[in-house]
Every structure is written in C-alpha cells, then in structure tokens.
Amino acid sequence: MFLLDDVLVYSASDLSTAVGCEFAALRKLDERLGRVPKLEVENAFLDRAARLGNEHEERVLEQYRQRFGAGVVEIGPPTEYTRAALEEQHARTIAALHAGADVVAQAGFFDGRFHGRADFLVREGEVGGRPRYAVVDAKLTRSAKSPAVMQVAAYADQLLRAGIDVAEYTHLHLGDDVVTSHPMADGVAVLREQREQVQHLLDEHRLDDGPVVWGDERYRACLWCDYCAAELEPARDVKLVWGVRSGNRNALRAAGITTIDDLAASTSAIPKIRPATLERLRGQARLQLRQEEAEARACEGAAVVTRTGHAETGHSRAAEGTPAAMPTVFSEVHTVAALEALPAPDAGDIFFDFEGDPMWVDSDRTEWGLEYLFGLVEAGPEERYVTFWAHDRAEEAGALKNFLAYVAQRRAAHPRLHIYHYAAYEQSALRTLAQRHGFGAEEVEGLIADGVLVDLYKTVKDGVRISQRSYSLKKLEPLYMGAQLRDASGVTSGGDSVVAYEEAMATRAAGDDAGYAARLAELADYNRYDCVSTLRLRDWLLEQRDRTHAVLHEAALAVGAVGAGAGPAEPPQTSAIGIPTEPAAAVAQTEPAGPVAAVVDTEPTEETTAQTLARAMLTRTSDPAAPLLAAALEYHRREDEPFWRAHFERLDAPRRDWVDARDVLDVHGARVVEDWSGPEGRRPTRVLELTGSLGTGSVVGAGSEVYCVYRPPVPDGMRVPDGHERATSGARVISRGENADGEDVLVIAEWLARDLAEHDALPVLITPGAPPSAASLWSAIELVAEAVVNPGLEPPPAQAALDVLRRVPPRQRHGGPLPHAAVSVPGLGADVDQVAGGHIGTDHIGADHIGADHISAVTDAMLGADDSYVAVQGPPGTGKTYLGTRVIAALVQRFGWRVGVVAQSHAVVEHFLRGVIEAGVPGAQVGKRGGSVDASIPTDFRPAVEHDPSAPPWVRLDAYQHQEFLERHGSAGAVIGGTAWDFTNRRRFAVGDLDVLVIDEAGQFALANTIAVATAARRLLLLGDPQQLPQVSQGTHDAPVDVSALGWLTEGHATLPPSRGYFLDRTWRLHPELCEAVSTLAYDHQLHSHPRTAQRHLEGLDPGVHVVRVPHRGNVVDSPEESAEVVAQIQALLGKPWTDSAHGDESAGAAEARPLAPADVLVVAAYNAQVQRIRRDLAEAGLEAVRVGTVDKFQGQEAAVVLLSLAASSADDAPRGLGFVLSRNRLNVAISRGKWAAVVIRSPGLTRHLPWDPDELSALGAFITLCSDARERRSRRR
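Read in order, the letters of the sequence shown are residues 1 to 1278 in UniProt numbering.
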C-alpha cells in the first residue's frame, strides 16, 4: 500500500493480509504513515522461494511467447507511482484487451484505490463478437491456495468494472505446470465483500491519532505472522503459554486474563474452557514463569561473577559450567500413563529423522519435493549412524525400498524393535513416499498399525509439562543433552537444511566436489544430531517414568503409615500429579560413529494381482479409463487407511479432539441394562445404554458395529496396542435415539473378548467399527481391469461402467443420441429420495400428473442402450425417484427385465423398492436380503407382508437365493435390491446377470464401487444429484475414483450435460423466488419452478431467502443467541395464514388458507450441539412439534418454511472449517427443504475470513452471494 495525493492505495496482497490479520495490515499502514519503524525480517528460505517464483513466472511467459508470438502484449511496470502513470498503465492494458490480444502480460490496473498487476490475461473465445479473457497467475506452489485465488479474483473484478467479458474460471499456473481453475464469480463475491470491509478498516485507522495498539479488541490478530510475533513478547501475551489455542485466548481475555502472569496467578473458573484444560494451561504458565525467574537469577549471578570474580550460591546451571546460552529448563510429569505407554527398550530400536527439500522439482516439473536423506541411529553403545541418500526421484525410490528392506531385516533379527521419531512428519512422509512410488504402502501401514513407529512428541505432549514456550525437539534438549547441546552455528533448523541442500547442489553443479562433500557432511551431522537427540529423549522419558513410579510408591507408603494412626487419607491423583522431573544422567563422551551409507540388497517385492494389473493399465493401454481403473484397484485399501489412522489416533487423542467427530459418541453417562451373560460355549455379552453427543453427520444406527474405547487403567486382560494408551472391545448397536435433554442415546450389545474376564468398567468413547471386507469388490474391479488389459471376453464385463469412466455419451444401438424429452418434467411431484423415518414430502402425484414424456424418454433410452448407461440428475422436488420407479415398472411389466437396485444404504434401496411396488410391480416379483425384514420371516418366495402385516411388501431372500428368485420369475421379470456386496458376490449374481442395475443416489456412490457393481448387469441407470449431500471419501487416490458416478459425469459443472443424460429442471416444491436462490447456488440457473408453486402464499413473510444477522462471539458448535432467534422467528410466523395451492387438486381455488402450524416449520442446524440447544429452547416455548435436525436427517423432507442456524461465530470458531459449515451441497439441501421461504440465521463475523483452501473459498463466495441476494430480515428477539 502507498499514499497517492493523500489517498491510500492498496493491492490484492494488502487485502489478503488484512483478511488474515487486521493487526498486521494496520501495522503496515502505520509504517507507511511514519508512525512506527519498518519491521525487518530476514528469512533465507523465503528469499529463495521468491527468487524461484520470479523464475517460474518468466518461464510461463516464455511459453506464451513461444505459442502466440506477437500476440503477447507486455505492459511492463509503471514508470513512476503517480496518478497519471498508473492511469496510463491501466489504459494501455484495457486498450490491448479491446484490440483482442492473445495474452496481456503484466497487465496493470488502477481504479483510484486499488492497484495491481496481473501476470497474464489470456483470451478464451468470444462473447457476442467481443473477446473474453481469463486471469492467469504463475504461482510457485504445488497446490492452489486461497490468497492466490483472491489475487486473480481482484484482477477479474477490475476487468468486470472496465466492461471486459471475463471467463467463467480464473486460473493458477502452478510450479509443476498444472493449471488449476477456480469459479470466478465466487472469488469476486468474496473479494468485493472483503474489499469493502478492508477499505473501511484502513480509512478509519488513518483518522486515528497514533499506531494500532496490541490487544485492541476492535481488530483481529492472527497470532502467528511476523507482526504478531513481534508483539507477543513485549505484551507478555497469554498466547506465549504453550498449548493456548486461539479459542482459549479469546476466553481468557474475555475473563480479563491477558498475560502469562495473569494466567499463572488465576484461580477461578473461566467460561468456555474445560476445568481440566484450564488447570493444564495454568500449570504450563507457572512452569514457564519459573524458568524465566531462574534465568533472570542466573543472569544476575553471571553479572556478579563478572564484577567480583566470585560466584554466589543458587546459580542456574548456566553458571555452573554449562554453556552460558543454555536455558534453565524445568519439567514435571503430569500424566504418568503417557510414559507408561512407551514400549520397553530393545536392542534393535531405531531413532529416525528425514531431511527434505520441499522446493526440489524433477526435470518434467510434474512433482515437487524430495526426501534427500533418510537418517537413523541404532540403539547400542556404538550408536551407529545409517544413511540412505537420494538426489533425484529414482534415488528416492531406491532409498525408500532400501530403508523398508533394512527395517524388515532388522525386525527379523529384533522382533520387538520400535522406530522412534519426533512429531508426525516421518509417518506422513513415509505414506507420501509409498503413494508416490507405488510400493511399500502395506509395509508402512503395517508399521503404523503394529505400533512400531513411536512419536515421542505425542508422549511429551500428553505426559510431561516443559517450561519452554515451544515443545520442539531443540527446545527440549537442555533437559537431556548435557554438554552435547548443539550450538547456534551452521545448520540448526529445518529451514537451514533446505537452503544448505540447495547450496550443496549448486556446488556440485559448479564442479566443486570437495565443497559438495563438505556440505553434505554438514547436513549429515545435523541429521545425526537429531537422531541422537531423539534417542536421548526416549531414555530421559523412561527415567522420568521410573522416578515417578518411585515417588508414587513412597507416597503410597506414606498414606499407609498415616492410615494406621490417623484414619484414611486421599491417595495421590496420577492423572495430574505434577511431579518434578530430573535432568538426564551424565551423557558419556564418546566419539560418534561415522555415518554408514546403507545399501541393502533385496529381492524385488512380489507384486499383488492388483499391482500387476495397475501397472499394465498404465503402460499397455491408452484407454482413457485406464488411470481410473488402476486407481480403483487400490481404492478400498486407501479408503481404509484413514479409518485405521483415525482409529489409532483416538486411542490417544485428548477429549477436545473428540468433539463433533462423525460417528463418534463422547460418552457422558453409561448404564448397564443387562450384565454379562450368554449361552454356554459362546462369548458373554452385556447390554449398555450410553448417553452423550454424536458428531454432526453421524450415520451410526441399529446394526452398526462399533468399538468401545476404555481409558487406563483398562480391565485386566484387555490388550492396549503398542504405543497407545487406550484399549477397545467390540459391540453392535441395538438402537439409537435421544433423551429428553436432547442427548444422543445408544443402546449397544458388547461382547467379551477371548481371555478377558468379566468386568464392570465402562467405555468413555464409542467409535466406528472396522470397515467391512471389500474382497468381493476388489475381485469385481480386477475382473474389469483384466478385460481391458487383455481383451477377449464376450461380452466384456461392466461395459456401462467403462462408458462412464470414459465420459462418452450413452451408447444407443441405433447410433444416435439419447431420446429427446420435449417437455420439462410436467408435475413429477415431490422428491422423496431418502427416508429413514419422519416426515415425507407431501406433493404426491396422481396418474394425471405423470411426466409421461420424461418417463417414456428414459424408458426408451434404457431399451436402446447398447450395454451402456443412462444418467438422470434430479434436484430437490423434481420427482427423480418417482420417475425412476415408473421406468423400472415399465421395463419389468412390459419387457420382462431383470433389475437390480443398489444404493449406499438399505433405507434408500427399500424406499425405491416400495416405489416400484406402488408403480404396479407385484410384491412377489420384488426381493431383497436383509435390511428391515426380520430374519424370522420364512424365505419361501412370498412377500414378507403375508407373514407379518407390519413387514415390507417384498420377498425376503436368504443368503444365496438370488439366482433361484430370478429364474423363478423368468420372462415375467423381477427386481432385487441389495448392497454393493450383494451385486459383487458371484454366488448371488453372475457377470451380466441383470438387464439393468439402478444406482439410486448415484451422487453419493463412488466411481470405484460403480465399476464393481456394474459387473452384475449389462446396463446402468444412474439416479441422483451430486449437488446434494456428496460422496464422502477419506482416502487419497491417484485418480478421482472417490468422486461419485454422477459427479464424474457432470465434470465439475452444476448440471449434467445433455449429451450424457437427463437433467430434471422443474421442481414442484420450491416457490419461484426460493427456486431462483437454489438455482443460483447449486444449479447454474438451470432449475425452475413449476407454475403451480407460485400459487402458494404465506401472510407476513415474503417468499424466497431471508437473512437475519445475529452478532455473537466465541460460539463454536452452539449459539444461544441464534437459538433464541430461531424461537422468536417461529413464534412470529405461527398462526399466519398459509395457502398450499400447489398441493392436491390442480385448481388453485381448491386450496384454502389455514394457520401455519409447528409441523409446517423445519429447523436445520449446522451442528448436533445446536440441534439440542434449539430443541430445548423450543420445548420451553411449547413448540416441541417443530422438527429440528441437521441436513443429514432431512434430505427428502420438506416444510413451508425452513430456518437454518449456522451457530459458529466466526470461521476460526467453526469445527471442520468453513468448508463444512458453508458447504454448497449442505446449504442446498437445507434451503431446498422449504416450499415458500428459507430464513438463514448467521453471525456477521462468519464471512470475515480468508480460507486457505480454494474449495472453501468457493463455498464462502457462494454463501456471500446467497446472503447478498437475500432479503434482510430484522431480529425478532426481545
């Protein structure tokens, strides 16, 4: 930023700075105004990044020059920063665009307040004969970041202001030459709101008399940038206390605790901080103050020695012969269980550390980052140092292979060895390397699952309190390294090592072999020291464990002595015992062993069938489906990896990390319903009723298998996995419900593990059970891959899925396009896609309202499909399920087809089967195994309802009756529902057994699973909407096989391309005003309302979206302010005349107004905690009949008015980030539940944020647009 004629001019980077840290932006302004000196920060790592960034931009410019020649217009920087020069540069830029230049480089913009220079403006076609331009910036990163997206959005905004047509997407040209695309409209929406806020912030501050003051509550501080870091120490800010998070700091400051001294001296409770957390932070503050006081005394003592030549008593260790710069560090054990979880030392133990260069790039620039040194020290008196070096990608693969082989050989010799490291990088880097090089994943995951990798940072964090402000390895070393403490010269940090490695490579390139070797030796010394430090830390932790045990033993004896003469006394509490630790024993001074360059000769690892097929896919065929098929072969294993990673993390994670985790119950109360019992010869079980809070979006329910998690001391015989603190047992959910207080209630049957005695311990946590075996799905995908690599099978399996993978239009036997549906779905009624109990959409349709044209078109498309697919995207209220069931009924009844129905859950499948029966298919021709049909009902091929009036109307199938059921009905046709495991089980369905397989909710059905289930049928009918609740994926994949089948076909667009299927563009649910908002948010303006929806009317509330801005601060997952607003808004609406003319008879006159009732209102909350709060407040107001839940419970339901409460005060407060709370898909589902109106209740501070992830930025932009287009509604709270 700079001053121009007394006007403040700012740039895109200034906007990003201000959004991230208002304090930093204002301090920069103060520098410009001369109020404070300029902050000077030296950082060789960032200097290198800037230099490489300039080289990257020049390289991209040269690519454009080579491609367009004279079509590249280079504007160049302004000659001087005057108004005239800036305006002249802006004018030259706009003139070049009007002239139709292919590329404008270094385009300059100036609008009087904003100045910026876009790297490139690239012509992308025309609009009405006028050239259209996309903004492209060169960024030397491996992935797109939001500040860069905001920068190109700022330039797009300048183009729009100048009347230039702008492309739909902006682009970032990354360092690996990948070009990413980002929705322009979303970015500009965020930019404009934030520019208005930032400009007001800067202009207001200019009017102040002096510089911004640290701690001014009017301004947000990020607490981590250089400007904030410079203020923390002088202010003695409470953030200096290790472990204080932003939320903790806000709560402490609200209570008047602003400094480390305040916190150490505090004694009272603090709202919004758990008591245990508060005591932990107080203990940390007091210990840090103790170190400060000791070091102050040491300095005084050193001064006395300097003046008199004599030392006084009571000096710090720095005055007793250790290096003068060595801090006096104190520590105490607070949770001995964390130390007890450390494995027993073994002669084979390894102490491991990586060195890497994140900015290294290979010659083709496809992948960044190189792990150039795998270093380790072996346990034993010699402390042998072993290295695996890598200076290019091939050597990195060799280093990984040799390292894993070394570990395997050493484990064979020392089965109980462990690999110790400090912090999570080593574990994550090994996973990344295995994925990058395509081998070793099973070995790495095995090391993690077996507890071989031990993170000592976690042990320190969970068990020991250190008096330092940081718990980095370097800060802990004064406790145990003694005279070996590293000095401050040479390579002493990770950033230093990156710069040093680049210098080493430059030295080698210059031909200086001796200098190169010396530089590598320096890096090896740094790495070896870290490995040795990790070893010493392990030993020190074991010493503290043993000493703590001794102290506790003495305390127990003392308690016994007191008890003999003076009555009972309380034993010490080992959960927070605060026992001071001792420094490490003297370290032997021996010459370090030299590094060993390890080369392990190993036989090539034998490939699995999947790996062989994947390699063949990528090398032997040019089929566009090949990369996806290759990734699908690994899909299920990679999806399982994050599950097990999270599972083992939950065995150690502190309670704060359990809050609002999906499918995790934080147990608040437990009751034994039935104690251990069971038939002789079988393992006993017991029934528990557990109350607590399930995470938002949890789907755990009756029949789900779960783990019960126990904290120490665990029951005798219950195994605690190596390296972990907690243990688990298995259980199955009997029922899920809620109590009167709105808490979740799970009733579970827990079974007793073998060799475990019956016990009365109760679990503290319920977590998801192990993923089901995917063996049948693997085999099905391998079958398809084999047919692609080795053609010859006739007909080849899953041709329909391969068409989906190739994104080819559905192949019709006549060779033409899909049959045309001339009329947009005339009255298909409500979308009742997914029902798991509760209210169902009421816009049911009669025979006179059947969308015959679409039903006929889709039916004809299926009949004409040449072993291909037909896709149907149905937004809310368009009648997708109605259409699908009628199409299937026609295919079965008129053509005798054999049909399968699959989805993500039994409930969705069974809902579809009911629709098929309602459409006229006899229940005797519809079958399904499992689900809601009681196992006691006979499998006699008669509908279950004939045996039990409350049972479903289809036939219950036994485990392997599917083939017999199909044959029984022969040419009459049949419909069978099931899961992915059913349709990939060759004992149930042979390859190509079915004429068509319907995938319902195909917007949530992964592409990999689509390949697998498609083997059972010749054709696919995909029904769903990828713009509603999305496919959930946890793994990282080499190709996007984790996206949904419909999501893949839409190819990132809001609607399905006409060449690939049918988009149902008429909704019978949404009033036109509400539909317009939903269509803008999620369907690229392609969704429209049926005219009948306009005949509805609610007195006192306009149709469409309304927004109520409710100020609040510090709310995370529940907001009392928003809950009170919800109640007040509902009270203001109830009783208003409501006319639902779109329901029932065609004639508008047939509908009569009636008072709006509680059942006509639906409340959606972002988090379960807010659901519970709103329910309590509604109950107190006598409004229990109002439905309240998260979007996960309401997909398929509807109401006249829907209210949405987002709860979180700001993005920093929002668990899972803005990407969750402002998810476009979740907002779409929430708002589209309404027939007449939606009321969004939100904090104004929620959008004052710049997310790091571009997808979150896009979600934020869509939400800002939604709110800016909405009607502002005043608060109804008193």
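Note that CB positions come from ideal geometry on N, CA and C, so glycine has one too.
Note to self: On the CB-based measure, 16 or more other CB atoms within 10 Å of its CB, does Gln1031 come out buried or exposed?
What the structure shows: Burial call: buried.
Notebook entry, point to check: According to the neighbour-count rule (16 or more other Cβ atoms, all chains shown, within 10 Å of its Cβ), is Asn250 buried or exposed?
Noted result: Under the 10 Å beta carbon count, Asn250 is surrounded by 16 or more other beta carbons and is classified as buried.
Check: Assuming Glu74 contacts Gln106 under a Cβ cut-off of 8 Å, what Cβ separation, rounded to an integer in Å, is found between them?
Finding: About 6 Å; that satisfies the 8 Å criterion.
Check: Is the segment 74-84 touching the segment 139-156, taking contact as three or more C-beta pairs under 8 Å?
Finding: Taking one beta carbon from each stretch, the segment 74-84 and the segment 139-156 have fewer than 3 pairs nearer than 8 Å; the two do not touch.
Note to self: What does the Cβ neighbour count give for Tyr960, buried or exposed, with the cut at 16 atoms within 10 Å?
What the structure shows: Exposed, by the Cβ-count rule.
Notebook entry, point to check: Does the distance from the CB of Gly792 to the CB of Ser704 come in under 8 Å?
Noted result: The answer is no: Cβ separation not under 8 Å.
Next item on the list: For Phe941, I'd like the list of residues in its chain whose CB is within less than 6 Å of its CB, leaving aside the five on either flank, ordered along the chain.
Entry: Scanning its chain for C-beta atoms nearer than 6 Å, with the 5 sequence neighbours on each side dropped, one finds around Phe941 the residues Val955, in chain order.
Next item on the list: Indicate the three-state DSSP secondary structure (helix, strand or coil) for Lys458 in the structure shown.
Entry: The answer is helix: DSSP assigns Lys458 an H, G or I state.
Margin query: Helix, strand or coil, according to DSSP, for Val804 in the structure here?
Written below: When DSSP states are grouped into helix, strand and coil, Val804 belongs to the helix group.
Margin query: Does the structure place the segment 426-446 close enough to the segment 213-225 that three or more beta carbon pairs sit under 8 Å?
Written below: No, because fewer than three Cβ pairs between the segment 213-225 and the segment 426-446 fall closer than 8 Å, the two stretches do not touch.
Check: Skipping 5 residues on each side, what residues in its chain have a beta carbon closer than 8 Å to that of Pro343?
Finding: Arg416, His418, Gly451, Val454, Asp722 and Gly723, listed in sequence order.
Next item on the list: Could you check what DSSP says for residue 1286 in three-state terms: helix, strand or coil?
Entry: This structure leaves residue 1286 out entirely; the chain is present only between 1 and 1278.
Next item on the list: Buried or exposed for Lys38, please, with buried defined as at least 16 other CB atoms from any protein chain shown within 10 angstroms of its CB.
Entry: Exposed is the call here.
Margin query: For Val361, which residues in the same chain have their Cβ closer than 6 Å to its Cβ, ignoring the five residues on either side in sequence?
Written below: Excluding positions up to five away in sequence, the list reads Trp368.
Next item on the list: With a threshold of 16 other CB atoms inside 10 Å of the CB of Ser1079, please say whether the residue is buried or exposed.
Entry: By the 10 Å Cβ count, Ser1079 comes out buried.
Notebook entry, point to check: With distances taken between CB atoms, is the gap from Val901 to Gly977 smaller than 8 Å?
Noted result: Yes; because the gap between Cβ atoms is below 8 Å, this pair is in contact.
Note to self: Pull the bridge partners of Val945 from the DSSP assignment, please.
What the structure shows: Bridge partners of Val945 according to DSSP: none are assigned.
Check: What is the residue span of the alpha helix (DSSP H) that residue 1281 lies within?
Finding: Nothing can be reported for residue 1281, as the shown portion of the chain is limited to 1 through 1278.
Check: If you draw a straight line from the C-alpha of Trp1048 to the C-alpha of Glu543, how long is it?
Finding: Straight-line Cα distance between these residues: approximately 56 Å.
Checklist line | C-beta atoms of Glu1184 and Arg1233 nearer than 8 Å | finding: Taking 8 Å as the Cβ cut-off, Glu1184 and Arg1233 do not qualify as a contacting pair.
Check: What's the C-alpha gap between Tyr155 and Leu1250?
Finding: Roughly 17 Å separates the two Cα atoms.
Item checked: Distance between beta carbons of Met150 and Glu168, contact taken as under 8 Å -> Glu168 to Met150, Cβ: 17 Å. No contact.
Note to self: Using the Cβ count rule (16 or more neighbours within 10 Å means buried), how would you classify Thr1129?
What the structure shows: Strictly speaking, residue 1129 in this sequence is Gln, with Thr absent from that position. Gln1129 should be labelled buried.
Note to self: Buried or exposed, going by whether 16 or more other CB atoms sit within 10 Å of the CB of Pro771?
What the structure shows: So Pro771 counts as exposed.
Margin query: Taking the straight line between their C-alpha atoms, what separation do you get for Pro571 and Gln409?
Written below: Reliability of the predicted coordinates at Pro571 is poor, the pLDDT of 33 falling under 50, and the value obtained from them is presented with this limitation in mind. So the two alpha carbons sit approximately 47 Å from each other.
Item checked: Continuous beta strand (DSSP E) stretch holding Asp119: start and end -> Residues His115 to Val127.
Item checked: Spatially closest choice to Ser779 from Ser533, Tyr422 and Thr984, by CA coordinates -> With respect to the C-alpha of Ser779, the residue from Ser533, Tyr422 and Thr984 having the closest C-alpha is Thr984.
Check: What are the start and end residues of the alpha helix (DSSP H) that includes Cys1075?
Finding: Note, Cys1075: alpha helix (DSSP H), Pro1072 to Ala1082.
Next item on the list: Would you kindly check if the distance between the Cβ of Asn1009 and the Cβ of Ala980 is under 8 Å?
Entry: Yes, they are a contact pair.
Check: How is the beta strand (DSSP E) around Ile1231 delimited, first residue to last?
Finding: Segment Arg1224 to Ile1231 is the alpha helix (DSSP H) holding Ile1231; no beta strand (DSSP E) there.
Notebook entry, point to check: Is Val901 helix, strand or coil by DSSP?
Noted result: If DSSP states are grouped into helix, strand and coil, Val901 belongs with the strands.
Check: When burial is assigned at 16 or more other CB atoms within 10 Å of the CB, is Thr1252 buried or exposed?
Finding: Inspection of the sequence shows that residue 1252 is occupied by Trp rather than by Thr. By the C-beta density criterion, Trp1252 is exposed, having fewer than 16 other C-beta atoms within 10 angstroms.
Next item on the list: Ignore the nearest five residues each way along the sequence and tell me which others in Asp982's own chain have a CB closer than 6 Å to its CB.
Entry: Same-chain partners within the cutoff: Arg988.
Check: In this structure, what does DSSP give as the bridge partners for Lys928?
Finding: Paired residues: Arg956 and Gly977.
Note to self: Buried or exposed, going by whether 16 or more other CB atoms sit within 10 Å of the CB of Glu1051?
What the structure shows: By the neighbour-count criterion, in which 16 or more other beta carbons inside 10 Å mark a residue as buried, Glu1051 falls on the exposed side.
Item checked: Cβ shell of Thr306 (< 8 Å), same chain only, five flanking positions each side left out -> For Thr306, the predicted structure reports a pLDDT of 45, less than 50, and the residue's modelled location is therefore unreliable. A value from the coordinates is still provided. If we look at Thr306 and ignore the five residues flanking it on each side, it has no Cβ neighbours.
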